[in-house]
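K.L.:
Please see the structure below; I have some questions.
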Amino acid sequence: VDSPYHLWWQRWRYLGRAVALGYGVLSVDTDVSFRHDPYALLHGALGHRQLVVSLESDRPARVNRFIFPAANAGFVYCRGAADGAAQWVLAEVARRAEACERGSAARRSVSAVWPACAAIVWRSVLQTARTRGQGCCFL
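No gaps in the numbering here: position 30 of the sequence shown is 13 in my numbering, and each next residue is one more.
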């Protein structure tokens, strides 16, 4: 595939494989900065979660009801079993993004809208996980 977004969906494929092997993985965009060690929170208060995804804004999710879920894939932490909810989400994001990317040349030519499509892929997968009972819980 000759698209610059090829690496974007490959990231989710490889992270899904790492989670399937039992690893905990953290994916962070280059525009994210840390003021404190995120692992203290990820292994502390959020230690029981398989999947932690950043929000689109700093407003609480209960305020952003018009955006379900208000997810932003700039910060994603996953852990769990090979057949767990987090691994399913990563594999499904990769599958849908690859299908979109390998679609018609006309769809691929609209690369200016791809960042918005990427967010839609994540949101739709999380919605599917929720409705299929994949064990996802949103705060």
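We put the CB at the ideal spot given by N, CA and C, even for glycine.
1. Which residues does DSSP list as the beta-bridge partners of Ala54?
2. Exposed or buried, Ala64, counting other C-beta atoms within 10 Å across all chains shown (16 or more means buried)?
3. Decide yes or no for the touch test of the stretch 67 to 87 against the stretch -1 to 6: beta carbon pairs closer than 8 Å, at least 3 of them.
4. Using three-state DSSP, classify Ser10 as helix, strand or coil.
5. What would DSSP say about Val72, mapped onto helix, strand or coil?
6. Taking 8 Å as the cut-off, does the stretch 79 to 86 touch the stretch 20 to 39 (at least 3 CB pairs, one atom from each stretch)?
7. Please classify Val15: does DSSP put it in a helix, a strand, or coil?
8. For the alpha helix (DSSP H) containing Ala23, name the first residue and the last one.
9. Apart from the five residues just before and just after Thr111, which ones in its own chain have a Cβ nearer than 6 Å to its Cβ?
P.N.:
In terms of the structure at hand:
1. Leu38
2. exposed
3. Short answer: they touch.
4. strand
5. Val72 falls in the helix class under three-state DSSP.
6. no
7. coil
8. Pro21 to Leu25
9. none
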